[in-house]
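Residues in the sequence shown are numbered from 1 upward in steps of one, following full-length UniProt numbering.
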Amino acid sequence: MAKKYYYAVKKGKTPGIYFNWDDCKKQVIGFKGAIYKKFENIEDAKGFILEEKEVSPKEITENIISEDEAIAFVDGSYNVKSKECGFGAVLFTKKGKETFFQVVENKNYSEYRNVTGEVFGSLYVINKAIEYGLKKIFVHYDYTGISNWALGNWKTNNELTKYYKNQFDILKNEIEVVFVKVKAHSGDKYNEEADKLAKKAVGLL
1 MAKKYYYAVK
11 KGKTPGIYFN
21 WDDCKKQVIG
31 FKGAIYKKFE
41 NIEDAKGFIL
51 EEKEVSPKEI
61 TENIISEDEA
71 IAFVDGSYNV
81 KSKECGFGAV
91 LFTKKGKETF
101 FQVVENKNYS
111 EYRNVTGEVF
121 GSLYVINKAI
131 EYGLKKIFVH
141 YDYTGISNWA
151 LGNWKTNNEL
161 TKYYKNQFDI
171 LKNEIEVVFV
181 KVKAHSGDKY
191 NEEADKLAKK
201 AVGLL
């Protein structure tokens, strides 16, 4: 059986994921400055495209995600004066782009500052995707613990991480979650947007 490949067009006539070379080359041949790459799995192909700072919401919803998927970007923030933690989130589905920002109501987790926000933001978008009846979500985050606590790579040694792992273990039975690490403040368009939304949630913007 022939090996399956995924062709990711980051810059081309129509950026997106293509399932054979013939379709891919139509998007890149003759396009000046075309950027594309072949991958063995679709997760890496999607991640490659989303690194592009200029990828538009329309390109994401039309050419990158499928009907039963979501792509999310989350970040957390903390207001030292008010001692409030909050999160911001950007969520893409086939229906379009949505943004969310909220203060974390439970003050017991305030000591963990912006990490608290990012934890609650991650749980929020996963719950949203389940609410929408989706089967898979790609969660883009910048704090390493978001994936490591959820997947059991790090010990859950405080109340926040225990709560997060417990909630994730429940949610993972209802949806497939793929964590995607984003370098903090690297200029990633939608991670930066999530960061601003998180700051807005706690009154810093």
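Yeah, the Cβ is synthetic: ideal placement off N, Cα and C, and Gly gets one too. As the structure is a prediction and not an experimental result, all values here were calculated from the model.
If the five residues before and after Asp-68 are omitted, its C-beta is found closer than 7 angstroms to the C-beta atoms of Leu-134, Lys-135, Lys-136, all from its own chain and listed in chain order. From the listed residues Ile-60, Asn-148, Lys-196, the smallest Cα separation to Lys-95 is found for Ile-60. Between the alpha carbons of Tyr-163 and Ile-17 lies a gap of roughly 36 angstroms.
From the listed residues Ile-64, Ser-77, Phe-138, the smallest Cα separation to Val-119 is found for Ser-77. If you ignore the 5 residues before and after Thr-156, its C-beta comes within less than 8 angstroms of the C-beta of Trp-149, Lys-162, Tyr-164, Lys-165, all in its own chain and listed in chain order. If you draw a straight line from the Cα of Tyr-124 to the Cα of Lys-11, it comes to about 32 angstroms.
For Thr-61, DSSP records no beta bridge to any residue.
With contacts defined by Cβ atoms closer than 9 angstroms, Gly-121 and Asp-169 do not form a contacting pair.
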